[in-house]
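Number of protein chains: 2
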Amino acid sequence: MHDGLWFEDLTIGRTFRSGVVVVDPDRVKSFAAEFDPQPFHLDEAAALGSRFGGLVASGWHTAAMTMKLLVTSELRIAGGLIGLGVEEIQWPAPVRPGDVLHAESQVLESRPSRSGAPQGVVVIGTTTLNQDGTVVQKMTAKLLVPRRPVPDVDAASRGSS
Amino acid sequence: MHDGLWFEDLTIGRTFRSGVVVVDPDRVKSFAAEFDPQPFHLDEAAALGSRFGGLVASGWHTAAMTMKLLVTSELRIAGGLIGLGVEEIQWPAPVRPGDVLHAESQVLESRPSRSGAPQGVVVIGTTTLNQDGTVVQKMTAKLLVPRRPVPDVDAASRGSS
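Protein sequence lines correspond, in order, to chains A and B.
Under the working numbering, the residues of the first sequence are numbered 1235 to 1395, in order.
Under the working numbering, the residues of the second sequence are numbered 1235 to 1395, in order.
Rendered as structure tokens:
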């Protein structure tokens, strides 16, 4: 048996909640060193003089931490969390070292495949919040989700004969 | 003197090109283990049986590698590459271990701040391509860019007097 949610389970308006992640100060810097080497992500002293007034996580680090929250949340999709794309990401407030983040998701749209393939596209809105309830990221993503397999009635009757 | 491009430099249609990054197989797995722990990003054998037919990088890893390409590209903005948000990301083709990626960017829109603040919003389209010229990511991002400071004529004349 597949463990996870099918297209049919992701009804519009359904909500999902994640666990939490603590933003590790060293990881803020090492992520930035590898992927987003800018002073306000790398160095406290330089960040103090920047528009952020202190060290902040790269938006891409926040996006990656949010993905981890989603993959390990209640939103467990049969076949995996396969993103076709992102329609929008906003970072309305900075993420600081030591912040405790969680994600809240809601199904916004749901449409079966036009080609008749056994899958559909589901649009999910995900908000990432810190320990004060401040929204640090808003994202809308399109996922590819398989349909629930139709039971094979013939096989079932063969099995019982 | 500030080293970098100002709002006035980012004229619509201007293009920028990045260097290259080689997608490291071990990093594909370790990034996934930390941020996107799904079988098709973690394990060759499991990935073979997935819809991808082999190991693929997380889309968030591709986005992060693209950010590194941008930060170190010709697109060096005065004050840093500060993203207000992303209007769209698509991952039209998988990124495989060993791929060699580069990014090509173009200025799509440019509007000065309505509030009269010395900055503007610039919309940049960035395409990430592999060694075969296949597009693996398309992204449109909104950046906050400072205006070129107006020279202080009085100070200059004081200096020369």
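Just so it is clear, CB atoms sit at the ideal spot from N, CA and C, and this is done for glycine as well.
Those residues of the region 1311 to 1339 of chain A placed with their C-beta closer than 9 Å to a C-beta in chain B are G1313, G1314, L1315, I1316, G1317, L1318, G1319, V1320, E1321, E1322, I1323, Q1324, W1325 and P1326, ordered along the chain. For the set A:G1319, A:E1322, A:R1345 and A:L1289, the Cα lying nearest the Cα of L1276 (chain A) is the one of A:L1289. Sixteen is the threshold: since fewer than 16 other Cβ atoms of the shown chains lie within 10 Å of the Cβ of G1350 (chain A), the residue is exposed. Around the Cβ of Q1365 (chain A), a 10 Å sphere holds fewer than 16 other Cβ atoms; the residue is exposed. Here the alpha carbon of G1283 (chain A) sits roughly 17 Å from the alpha carbon of L1378 (chain B).
Per the C-alpha coordinates, the member of B:D1243, B:R1285, B:L1239 and B:A1297 positioned closest to V1262 (chain B) is B:A1297. In the three-state scheme derived from DSSP, where H, G and I count as helix and E and B as strand, S1339 (chain B) is classed as strand.
The beta-bridge partner set that DSSP reports for F1265 (chain A) is empty.
Under the Cβ distance rule, R1345 (chain B) does not count among the residues neighbouring chain A, no pair being separated by less than 9 Å. For the pair V1329 (chain A) and D1258 (chain A), the Cα-to-Cα distance works out to about 11 Å. Within the same chain, Cβ atoms closer than 8 Å to the Cβ of V1369 (chain A) are found at P1326, A1327, T1361, T1362 and L1363, the five residues on either side in sequence being excluded. Selection B:R1251, B:G1314, B:D1260 and B:T1374 evaluated against G1332 (chain B) yields B:D1260 as nearest (Cα-Cα).
Taking the C-beta atoms as reference points, R1310 (chain A) is found nearer than 9 Å to L1239 (chain A). With the criterion set as a beta carbon lying under 8 Å from some beta carbon of chain B, the members of the region 1269 to 1292 of chain A are F1269, D1270, P1271, Q1272, P1273, F1274, S1284, R1285 and S1292, in sequence order. Around the beta carbon of V1305 (chain B), a 10 Å sphere encloses 16 or more other beta carbons of the protein chains shown; the residue is thus reported as buried.
Between A1312 (chain A) and P1380 (chain A), the alpha-carbon positions lie close to 7 Å from each other.
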